Amino acid sequence: MHVKKVRVVQDALDANATIAQANRADFDRAGVAVVNLMSAPGSGKTSLLEKALHHLDAIEVGVLEGDVQGSFDADRLARLHVTVT
735 MHVKKVRVVQ
745 DALDANATIA
755 QANRADFDRA
765 GVAVVNLMSA
775 PGSGKTSLLE
785 KALHHLDAIE
795 VGVLEGDVQG
805 SFDADRLARL
815 HVTVT
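Every letter in the sequence shown is one number past the one before it in this note's numbering, and letter 70, counting from 1, is 804.
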């Protein structure tokens, strides 16, 4: 078996970090608090969000739903009368 070492000289996520910094600056300027929930499918993100939303009645909340498999989670959250995009 042939083994070759490769030296990594640039973080593969550099572009992502740059975009994240710009987003953070925009959110801060707008006075918007943002939470990013990422995890494996079926791990309970939507259930957690549903429970949290019940305690956030006095706060205007919006959800950016990124489920590429369908709209089931977005439909669940929309029933809680929050803006889902």
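Backbone N, C-alpha and C define an ideal beta-carbon position, used for all residues, glycine too. Predicted, not measured: the structure shown is a model, and the values here were computed from it.
Exercise. Per the contact definition of three or more C-beta pairs closer than 8 Å, is the region 771 to 791 in contact with the region 804 to 817?
Worked result: Inter-segment contact for the region 804 to 817 and the region 771 to 791 is present: three or more beta-carbon pairs are separated by less than 8 Å.
For this session: For chain D, find out if any of its Cβ atoms is closer than 8 Å to the Cβ of L790; answer yes or no.
Result: As a matter of chain content, chain D is missing from the structure shown, which is built from one protein chain.
Problem set entry | Helix, strand or coil at T752 according to DSSP, with G and I counted as helix | helix
Exercise. From R810, A746, D801, V818, pick the residue whose C-alpha is nearest to that of A774; which is it?
Worked result: Of the listed residues, the one whose Cα sits closest to A774 is D801.
Exercise. Which residues mark the beginning and the end of the alpha helix (DSSP H) in which H788 is found?
Worked result: 779 to 788
Exercise. Applying the criterion that 16 or more other CB atoms from any shown protein chain within 10 Å of the CB defines a buried residue, is D807 buried or exposed?
Worked result: buried
For this session: Just mark L783 as buried or exposed, buried being the case when its beta carbon has 16 or more other beta carbons within 10 Å.
Result: Counting C-beta atoms within 10 angstroms of its own C-beta, L783 has 16 or more neighbours from the protein chains shown and is therefore classed as buried.
Exercise. What are the start and end residues of each continuous alpha helix (DSSP H) run of 4 or more residues lying completely inside the region 785 to 818, in chain order?
Worked result: 806 to 812
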